[in-house]
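Chains as they are written, first to last, in the working numbering: chain A, 1 to 439; chain B, 1001 to 1439; chain C, 2001 to 2439. First the structure, in the form of structure tokens, and then the observations on it.
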């Protein structure tokens, strides 16, 4: 549990908040590149860390991201014209380039130098792997982009997706560093005899109460959750939290799985989840519903602040729960799709769950550690300007996560050092998986 | 009128409020038994005194009612599985019985005793007469259920209904203890020559400004409203307020009518009205609309917190008012149905009406008395823990209300003592009514 | 820019606020007469300066406007019966005349004098030129109605319209005293070679950065915006702000155009715009959309507080913007209709734009002046009861606005004195315009 005060401190991300200031030290995934498909395509409303922004792609292909209110008298730049290398406000014709510089002010007399005094509040952007990144922090020169492998392997990005979640970013993220829920929320209806002996799934269903080992890292925190595999061996699920809002989850095979999941706050009560996965990764297949419902069906995007990447399955339809399927154990939840199951539990805690009423168990050690690290880092920044090590060291993000079988007496950290390195080929794993078929 | 402070004090019912604490001394009607039709039927969202709860019926038929947030990390138990005598949270599989005891914690190691330390915040329940009652108060051993006759006569309950009202509970209840509005809101368009001489209706239309006698009782307060009947006689309408939110209304025949109406706060701005009536009761028939519209048509229940027992006629359609019918005096209001007329006036005062702007008349003596008694009782509880007499004396609820003709010089309290007793047969009244036909 | 404090002070209009008190010194346009088409027609909900009121037309044709809550116990008079010269509350039958006097209290005993003690909070009304005016201020005897010409010329009112805007009244009004936006928002896509030489339009497109002259007046403030016309001449656009919320705009011909625009606050975040125009006025024709969409299409009125005079084009459909038309410069905004373009920019600043983040340019001198005058007047009233001169001098509203060509060395104020006078015939202008055709 957290005190009510700590709970709000770790949850709120608007300008000037403790956690908001911490996040603004980092590059942040703002949108998909595909949302701005062409030079001078239509401007897009982007809600990010509680700030209302307008994104546009200029004539050269550069992405601009700036306050939606024109610095003049506040007209929304959403209605702006994308013109030759800039966005022109329709109210009085002021035009801004992607850096926020006012490049034209046609309603001022020719001799006026007022234009030089005006700058729109624009954030630098860059694009990589289909994601538009932005830096909303105080530095004139932004730090480097984090070396997130699935966002860096140019050709191999197989899956890039964005999904909105209607709750605070942290309670969404906590699902990713809580391996314990996997055997219940997603696979609770399956019994061990339904699994093939010798697979991760078999071990996970055979023992649903793993032990945990958690350690601090220079990027955040890492845990290994272990339980018996075949005699003399343990099945380890290894996963990480990476500052400020990333998770690498454990379902795949360590050394093979390439994944990073970003839980980017739109505001305190809405989160945009970016799933970045690379080609060697296999995805866990969860129970889907009847008639092919996967739970990932999306509503069409609208132009609203909250209109991007919403699922059809949401609180308004109880996530299309099928109580009959739940009752008959076709599914533990009756909700089609793993991701939707996660949406259901985290959204329905309430917009910002009050953690002062929690009762944390031994399976929550990683959750506890991550909250503490976030609060410590946010407070160190507030107190004396200390910036987390990861801000300026992109290489610490070169991580992989996943499952592995180790001898009982192995040191899990040491034994997995090579497998946890990003940008490394492990042909032996590919070969083994090819022989094994689906996990 | 009330001061703004007293007005909020008497209206608000959340945990820790003055009035909320008073109500939590009593058993409270939470839902209809029929909302949980079968053992292990689907969980139901119940909003009660501002608390978000989940109701379920376990395998043995027992009803559980507990906080919707799992005590672990807050996942909503709405999505929970009703399993062998308990409700299992889908997030990590923790299972609770109807008492809130954690009976299974499968994600903890077998040797862990953490389960013993966890208790969901569950409220005791019991069922009687089609109603699920709960006790949300501080006692380990709840007080007895109130002896409400229409809820106790096992076979004779003819009418049990629940209807949501979108306003504070007290302004809804006040309509029930305000006999004066009857001759206007409901029968204002009727003239005395349309009524049959010698009936209650005739007297009520002949004199629309009754006098009042109000007295304190051990269950709350009672009034008699009187006006001339035939020469030498008075027509008395006798009704009661019973702690903390019940009314017994006067339209029927005293001694024959068996009714109790509960105005149960869902939260400060929504009320669930339970109408409990027994078989010997005749219901007043008010003006209904054209095409058989009664105003009691309901929307289908949904699973939302506010989705239970909503009328089709509501503020969004002006209660299906027909201005033409109103103008032509087919109806005083143009709104079809007595209950809907009441909904219209009380809901449209605003969610919590500011009583500091009232101007109370002589017809409001009962309303004034009830507010004062509620505030006194709530403050006595807050100051020194004094609990109203009615909490521990269920027999005080053995009351009936209704109309009666008495000689001018009769003492109305004494003369009606027998007729006001619950659980009593009055075959002479039945015989008289059978001869009289409809009132 | 304004400080956050000044910004709220100049924006908020509820009872007891600085600006609300100032506005209540004046008569206020409350609704269209046509909203109450007949004696005893249906009551109408009217939201005005944050107050919820009910309007009705009595049997004699007089308009009543009073608090929607009955002074008794708060039932909404919306459901009231319009009966012989009064509005009768349906709850207990209390009846009020247009002055708020309680003329019947049928649920009180005949000998009661309580009726004399009750008065509904009713505001005096009067009608002129199709508008229902009300006085919500403290005087027993209201001041005179302002001599607004287009509202006073009985037969010549050609255009009277009301349109709701979903933002604060002042940011809506500011568009009207900001002549600079005209050449961009409304005509930004047109080039000077598309205009006929010698017309206002030609000069406006030839020089989109006019200079400004602003002066205080006894009714508020006036400005002239000037730019070159033919050699030796200037094109002047002359317009006014008139206390407390009127604008006379400059598009037409000075001396010919008869217009007044009222930006009446419904509450702090909703405004009802009244456009009053008289017969001699020509309206500027802006770019409309394809298929005849003008942007002025309205939704049917409903009975809601916010249900009156809403446009089909609104924030929920991005004002039916057509990005393709915007891109191809068929229209600067892609939004069909001048008025809708104004709605789009002012509404999307946010409900009450925070002016502390503005950067005002030389084109904003009139906006700056008007804000200062409003704050000064509101504070003078608060400090020592000083009432603006215009409250008691209706003749100061006898103004006209519009465009005019003057010799370069003319004193614009002196030279236009005659043309700016209301209620004056200028047959020479009519003749000239007849010869000229459309501007």
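Quick reminder that beta carbons are idealized off the backbone N, C-alpha and C, glycines included. Keep in mind that this is a model prediction, so the values were computed, not measured.
| Cα separation between residue 1996 of chain C and residue 2394 of chain C? | Look at the range of chain C in this structure, 2001 to 2439, and you will see that residue 1996 of chain C is not part of it.
| request: Evaluate the contact criterion for the stretch 1107–1114 of chain B versus the stretch 1128–1142 of chain B: three or more CB pairs, one atom per stretch, below 8 angstroms. | output: no
| Interface residues of chain B around residue 321 of chain A at Cβ under 8 angstroms? | 1079
| field | chain C contact for residue 1180 of chain B (CB, 7 angstroms cutoff) | value | yes
| query | Shortest alpha-carbon distance to residue 2294 of chain C belongs to which of C:2018, C:2331 and C:2254? | reply | C:2331
| Can you list, in chain order, the residues of its chain whose CB lies under 7 angstroms from that of residue 386 of chain A, leaving out five sequence neighbours each side? | 380
| said: For residue 1351 of chain B, which residues in the same chain have their Cβ closer than 8 angstroms to its Cβ, ignoring the five residues on either side in sequence? | reply: 1166, 1167, 1168, 1268 and 1269
| message | In chain order, what are the residue ranges of uninterrupted beta strand (DSSP E) at least 3 long that sit wholly in the stretch 1222–1290 of chain B? | response | 1233–1242, 1246–1248, 1259–1267 and 1270–1278
| Continuous alpha helix (DSSP H) assignments of at least 4 residues falling wholly in the stretch 2303–2375 of chain C | 2323–2327 and 2338–2347
| field | For residue 2213 of chain C, the residue or residues it bridges with in DSSP | value | C:2224
| message | DSSP three-state label for residue 1104 of chain B, please. | response | strand
| said: What ranges does the beta strand (DSSP E) occupy inside the stretch 1131–1173 of chain B, keeping only unbroken runs of at least 3 residues that lie completely in it? | reply: 1131–1135 and 1157–1165
| said: Once DSSP output is grouped into helix, strand and coil, what is the label at residue 297 of chain A? | reply: coil
| field | With 16 other Cβ atoms within 10 Å as the buried cut-off, status of residue 2124 of chain C | value | buried
| message | Can you confirm whether residue 2269 of chain C, when its beta carbon is compared against all beta carbons of chain A, has any partner nearer than 7 angstroms? | response | no
| field | Residues, ordered as in the chain, of the stretch 1052–1077 of chain B that lie near chain A by beta-carbon distance below 7 angstroms | value | 1069, 1071, 1072, 1073, 1074, 1075 and 1076
| said: When you compare the CB of residue 1352 of chain B with every CB in chain A, is at least one pair closer than 7 angstroms? | reply: no
| request: Using DSSP bridges, identify the partner residues of residue 1096 of chain B. | output: B:1087 and B:1102
| Interfacial residues, the stretch 1087–1105 of chain B to chain A, with Cβ spacing under 7 angstroms | 1090, 1091, 1092 and 1093
| message | Please tell me whether residue 1303 of chain B has its Cβ less than 7 angstroms away from any Cβ of chain A. | response | yes
| field | Interface partners of residue 1345 of chain B on chain C, CB under 8 angstroms | value | 2075, 2076, 2079, 2090 and 2091
| said: Along the stretch 105–132 of chain A, where does the CB come closer than 8 angstroms to a CB of chain C? Name the residues. | reply: 105, 106, 107, 108, 109, 110, 112, 114, 117 and 118
| residue 2005 of chain C lies in the beta strand (DSSP E); which residues open and close that run? | Note, residue 2005 of chain C: premise wrong, no beta strand (DSSP E); alpha helix (DSSP H) at 2004–2011.
| DSSP three-state assignment for residue 1420 of chain B, whether helix, strand or coil | coil
| query | Can you name the start and end residues of the beta strand (DSSP E) that residue 1066 of chain B belongs to? | reply | 1063–1067
| task | Could you tell me the distance, in whole angstroms, from the CA atom of residue 2336 of chain C to the CA atom of residue 127 of chain A? | result | 35 angstroms
| query | Are the CB atoms of residue 965 of chain B and residue 1319 of chain B nearer to each other than 7 angstroms? | reply | Limits of chain B in this structure are 1001 at one end and 1439 at the other, which puts residue 965 of chain B out of reach.
| CB contact check: residue 1209 of chain B to chain C, cutoff 7 angstroms | yes
| Min CB distance residue 1042 of chain B to chain A below 7 angstroms | yes
| field | residue 177 of chain A: CB within 6 angstroms of a non-hydrogen atom of the ligand COA | value | Looking at this structure, you won't find the ligand COA or any other ligand, since it has none at all.
| Where residue 34 of chain A sits in the DSSP three-state scheme | helix
| query | Residues bridged to residue 27 of chain A by DSSP? | reply | A:135
| task | Reducing DSSP to helix, strand and coil, say where residue 1179 of chain B ends up. | result | helix
| task | For the alpha helix (DSSP H) containing residue 46 of chain A, list its first residue and its last residue. | result | Per DSSP, residue 46 of chain A belongs to no alpha helix (DSSP H); it is in the beta strand (DSSP E), 44–48.
| task | For the alpha helix (DSSP H) holding residue 2414 of chain C, just list the boundary residues, first then last. | result | 2412–2415
| message | For residue 120 of chain A and residue 66 of chain A, which I take to be in contact (beta-carbon distance under 8 angstroms), what is that distance rounded to the nearest angstrom? | response | 5 angstroms
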